[in-house]
Amino acid sequence: MAEPIVSVRNVSRRYPGGVTAVDNVSVDIEQNEFFALLGPSGCGKTTLLRMISGLDSPTEGQIFIGGEDMAFTPPNKRPTNMVFQSYAVFPHMTVADNVAYGLRVTGVPEAETQARVKEGLEMVKLTHLADRKPDQMSGRTKRFPWPRALR
Amino acid sequence: MADRLRPGVGPLEFGKRRWLQSLFLATLFVLYLPIFVLVAFSFNEQNRGGVWRGFTFENYPKAWNNQSIFDAMVNSLSIAVIATVVSTVIGTTVAVMLWRFRFPFKPAYEAAMGLPIVIPEICMGVAMLMFFNATGMTSLFTGTGWPLNLSTIIIAHIAFCFPFVAIVVRSRLVGFNKQLEEASRDLGASEWQTFTKVLVPFMQPGLVAGALLAFTLSLDDFVITFFTAGPETVTFPVKIYSMVKTGVKYEVNAASTVLIVITIAATVLAMKMQTSDKPGH
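Protein chains in written order, with this note's numbering: chain A, 1 to 151; chain B, 1 to 281.
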């Protein structure tokens, strides 16, 4: 079996005050694997995801991505992307600018950014709404965080 | 109010109630008539006297050519611009700090930060004067020439302006969805990029409102300026005060009208900046 792309080893997250959100979880995720994490509300799915993406740190255990320990890697240096529960779209930017954000801040050339934004918006069939602001769209068309997270 | 409605006046037609109408007119009269008279008399022909003699623009070039009024105006505007920029930066950082971090004695700090708003200006002025004298800053900046000789006034203005900015920006930040910050970081933005590209655009209406507040507060401040001004520095409000003591000339009206126009222009500009980002434009 190949080296797992994401490896979660004995990870726990305890909050001050005694709440244990994630208790000794170990998971290996292979390259190209479609991995789903299911469970009732409050069982720690989001906490685990936040620790993998670097928005939270485990109190115990280690997380490896591509074989590297991520303990001291900030979220912007990790090859992970998340679609937030609240979508977390930037209200002051157009749909296209939202999708382009991750590419622009990491210094992807503008021509390539444009091409990939176009591609991403075509994928979710929102090309015609590229210049709208998020608050000018109804809930069902808020599909664009997905292409934003895919890069 | 009355137990019976007048015929033809519906129960919710407050605009037709006589007592409300008279209250409205009285308010207009007291609040706005003086300003209107000030502006109108800036076009009066006869200098002083308080009687309308005829229309003229003469007072404006007269005020412009009055070197001491002109200098005072330049001083006031320079102080206001510098104090606004610095207090907006300080106020914003304070607001972000209070919003983001928890630290010991935070409520005490918040209360202390608001002190310049609460304590009487006269006390603030005396305190500043004593501070500048005790630290030798008054003598340090005296005779340094423009604009360094405005330093003590500018420092004092920043001290009382930045809490206003901090409070306005802080209240704006309450509505910020922290997941936007996390999303930005997750998408590869550094802390600084997140601050400039996500947080600052969100704060912008608060920044504009706070800066405008600071600008107008600084521009018309008399008491604190009076105490902290060096011997060679005169600001517009202080100049007006000294001129009024010897009787109002209409060039004072003209200069005041210019000041009103400047503040109104700043306000309109600020409102434009706030609405340009709204949806549907």
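Heads up, the beta-carbon is just placed ideally off N, CA and C, and yes, glycines get one too.
Report task. Could you check which residue in B:K249, B:V200, B:G247, B:L259 has the C-alpha nearest to that of B:D221? Result -> B:L259
Query raised in the report: What residue range is occupied by the uninterrupted alpha helix (DSSP H) comprising B:S139?
Result: 137 to 141
Query raised in the report: Would the beta-carbon of A:A130 fall within 7 Å of that of A:L121?
Result: Judged by their CB atoms, A:A130 and A:L121 are nearer to each other than the 7 Å cut-off.
Requested in this report: Closer than 6 Å by C-beta to B:A166: which residues in its own chain qualify, once you throw out the five before and the five after it? Chain order, please.
Outcome: G91, V94, A95
Query raised in the report: If we call anything under 7 Å between Cβ atoms a contact, is A:A96 one with B:L180?
Result: no
Query - Spatially closest choice to A:L49 from A:R116, A:V6, A:R132, A:T106, by CA coordinates - result: A:V6
Query raised in the report: Cβ of A:N76 less than 7 Å from any chain B Cβ?
Result: yes
Requested in this report: Report the residue ranges of all alpha helix (DSSP H) runs contained in full by the segment 35 to 104 of chain B; include only those spanning at least 4 residues, in chain order.
Outcome: 59 to 65, 67 to 100
Requested in this report: Keeping to the same chain, check which residues put their C-beta closer than 7 Å to that of B:Q274; ignore five residues upstream and five downstream.
Outcome: Correct list, in chain order: P205, V208.
Query raised in the report: CA-CA distance, B:S139 and B:N133?
Result: Cα to Cα, the separation comes out at about 8 Å.
Requested in this report: Give a yes or no on whether the minimum CB-CB distance between A:Y152 and chain B is below 7 Å.
Outcome: The first residue shown for chain A is 1 and the last is 151, placing residue 152 of chain A beyond what the model contains.
Requested in this report: Kindly give me the distance between the Cβ atoms of B:F215 and B:A80, rounded to whole angstroms, as I take these residues to be in contact under 8 Å.
Outcome: 5 Å
Requested in this report: Go ahead and pull the three-state DSSP assignment for A:E3.
Outcome: coil
Query raised in the report: Which chain B residues are close to A:M82, counting only those with a beta carbon under 7 Å from its beta carbon?
Result: D186
Query raised in the report: Taking the alpha carbon of B:A254 as the point to measure from, which residue in B:L219, B:V39, B:T246, B:R185 has its own alpha carbon closest?
Result: B:V39
**Report entry** Reference A:G54, options B:G188, B:L12, B:G50, closest by Cα
**Finding:** B:G188
Requested in this report: Mark A:D135 as exposed unless 16 or more other C-beta atoms lie within 10 angstroms of its C-beta, in which case mark it buried.
Outcome: With fewer than 16 other Cβ atoms within 10 Å, it is exposed.
Query - C-alpha gap between A:R132 and A:S86, whole angstroms - result: For A:R132 and A:S86, the distance between alpha carbons rounds to 19 Å.
**Report entry** Cross-chain neighbours of B:S256 in chain A, by beta carbon under 9 Å
**Finding:** Within chain A, no residue comes near B:S256; the closest Cβ sits about 39 Å away, beyond 9 Å.
Report task. Output the distance between the C-alpha atoms of B:V261 and B:V268, rounded to the nearest integer angstrom. Result -> 10 Å
Query raised in the report: Are any of the Cβ atoms in chain A nearer than 7 Å to that of B:S76?
Result: no
Requested in this report: Find the nearest neighbour of B:G50 within the set B:K272, B:K249, B:G125, B:V234, judged by alpha-carbon distance.
Outcome: B:K249
Query raised in the report: In terms of residues, what are the limits of the alpha helix (DSSP H) holding B:E181?
Result: 178 to 186
**Report entry** Where A:F90 meets chain B, residues with beta-carbon distance less than 9 Å
**Finding:** L180, A183, S184, K197, V198, P201, F202
Query - Best match in B:V86, B:E191, B:C161, B:L77 for proximity to A:P74 [C-alpha to C-alpha] - result: The residue with the shortest Cα to Cα distance from A:P74 is B:E191.
Query - For A:V11 and A:P58, believed in contact at Cβ under 8 Å, the rounded distance - result: 4 Å
Report task. Assuming B:L5 contacts B:N75 (C-beta within less than 8 Å), just tell me the rounded distance between them. Result -> Not confirmed; about 58 Å, so no contact.
Query raised in the report: So the alpha helix (DSSP H) B:A159 belongs to, where does it begin and stop?
Result: Looking at the DSSP string, the run of the alpha helix (DSSP H) that includes B:A159 is 151 to 173.
Query raised in the report: Would A:T47 count as contacting chain B if we go by Cβ distances under 7 Å?
Result: no
Report task. Over the uninterrupted beta strand (DSSP E) stretch that includes B:G206, give me the two end residues. Result -> It is not in any beta strand (DSSP E) - B:G206 instead sits in the alpha helix (DSSP H) that spans 200 to 219.
Query - Cβ neighbours of B:M124 in the same chain (closer than 7 Å, five flanking residues each side left out) - result: P116, F160, I224
Report task. Identify, in the order they occur along the chain, each residue of the same chain with its Cβ nearer than 7 Å to the Cβ of B:S218, setting aside the five sequence neighbours on each side. Result -> I79, A80, A83, T84, H157, C161
Report task. Using DSSP bridges, identify the partner residues of A:D28. Result -> A:S7
Query - Three-state class that DSSP yields for B:I122 in the structure shown - result: In the three-state reduction of the DSSP assignment, B:I122 falls in the helix class.
Requested in this report: Can you grab the Cα-Cα spacing for the pair B:F103 / B:M113, in whole Å?
Outcome: If you draw a straight line from the Cα of B:F103 to the Cα of B:M113, it comes to about 15 Å.
Query raised in the report: Taking buried to mean at least 16 other C-beta atoms within 10 Å of its own C-beta, is B:I264 buried or exposed?
Result: Label assigned to B:I264: exposed.
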